[in-house]
Amino acid sequence: MNMLIIYTHPNHKSLSYSFLQEVIQGSKENLAIKEVKVLDLYEEQFNPVLIFNENKRRRDMHADPQLAQYREQLTWADKIVLVYPIWWGRPPAMLMGYIDQMFASGFAYKDKGGMLPEGLLKGKSVVCISSMKGPTLYPLYWLYNAHKVLMRKALFNYVGIKKVKFFEFGSMESPKGKHAQKLQRINHYFKTVSS
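For reference, each letter of the sequence shown is one residue, going 212 to 406 in the working numbering.
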């Protein structure tokens, strides 16, 4: 399978970057993974700001030539891996800006006139690897699982991606955060994942 990793953190000395390295390392040892591409949104200087005016209309976003290379990456990928921190209970604005632009009508889904659209990214799978300062169960009990609902239901299921796995690591700024064990868990997952 082809795997696209979308990394979203401005610091390459961060724990998120360590998770990225474990994804890459584990994938190199997995015969089921044919090729890996990494999109580092900050390094790429991806512009997350939506601009709509007389020259740029929302309904044309699926064909925006400035976004063509990113659409090609998503089309190419069988598995999409997102590596990011949780800030204020949700992914960083940089990643949300990427999502706003890339998962556009005409590319990621097609309106059918009913309540739900036709997802155009069927057959792909997603892994979300996120870390946060708060405890692991904080999003579940305090935020009613908003992060997972946002990513699974409001985004990926909507565009036809049904297979979504989460690694949501909490207490990552604590010396008792078990960083090494969590990094090893990610490495092992990508060494052995088959679809």
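Don't be surprised by glycine CBs; every beta carbon is placed ideally from N, CA and C.
Pair within 8 Å by beta-carbon distance, residue i and residue j
i	j	result
Met305	Thr219	yes
Ile397	Glu233	yes
Ser342	Ile297	yes
Ser336	Lys290	yes
Met313	Leu278	yes
Range of the contiguous alpha helix (DSSP H) that encloses residue i
i	result
Asp311	304 to 313
Lys323	No alpha helix (DSSP H) holds Lys323; DSSP gives it neither H nor E.
Leu242	Taken as a continuous stretch (DSSP letters only), Leu242 belongs to no alpha helix (DSSP H), as it is neither H nor E.
Start-to-end residues for the beta strand (DSSP E) that takes in residue i
i	result
Glu233	Element bounds for Glu233: not the beta strand (DSSP E) but the alpha helix (DSSP H), 226 to 239.
Val404	That residue, Val404, is in no beta strand (DSSP E); it is neither H nor E in DSSP.
Lys376	374 to 380
Selection from the options that minimises the alpha carbon distance to residue i
i	options	result
Pro259	Val247, Tyr281, Glu240, Asp322	Tyr281
Pro302	Ala274, Lys224, Ala357, Asn241	Ala357
Phe318	Val292, Ile340, Lys344, Thr286	Thr286
Distance between residue j and residue i (C-alpha atoms, nearest Å)
i	j	result
Leu361	Tyr253	22 Å
Asp251	Gln392	24 Å
His399	Gly237	6 Å
Phe378	Asn264	39 Å
Phe367	Lys373	7 Å
Lys224	Leu261	29 Å
Contact set for residue i: own chain, Cβ-Cβ below 6 Å, skip 5 residues either direction
i	result
Gly330	Tyr320, Val370, Gly371
Glu240	Lys402
Residues near residue i by beta carbon distance below 8 Å, same chain, minus five either side
i	result
Asp271	none
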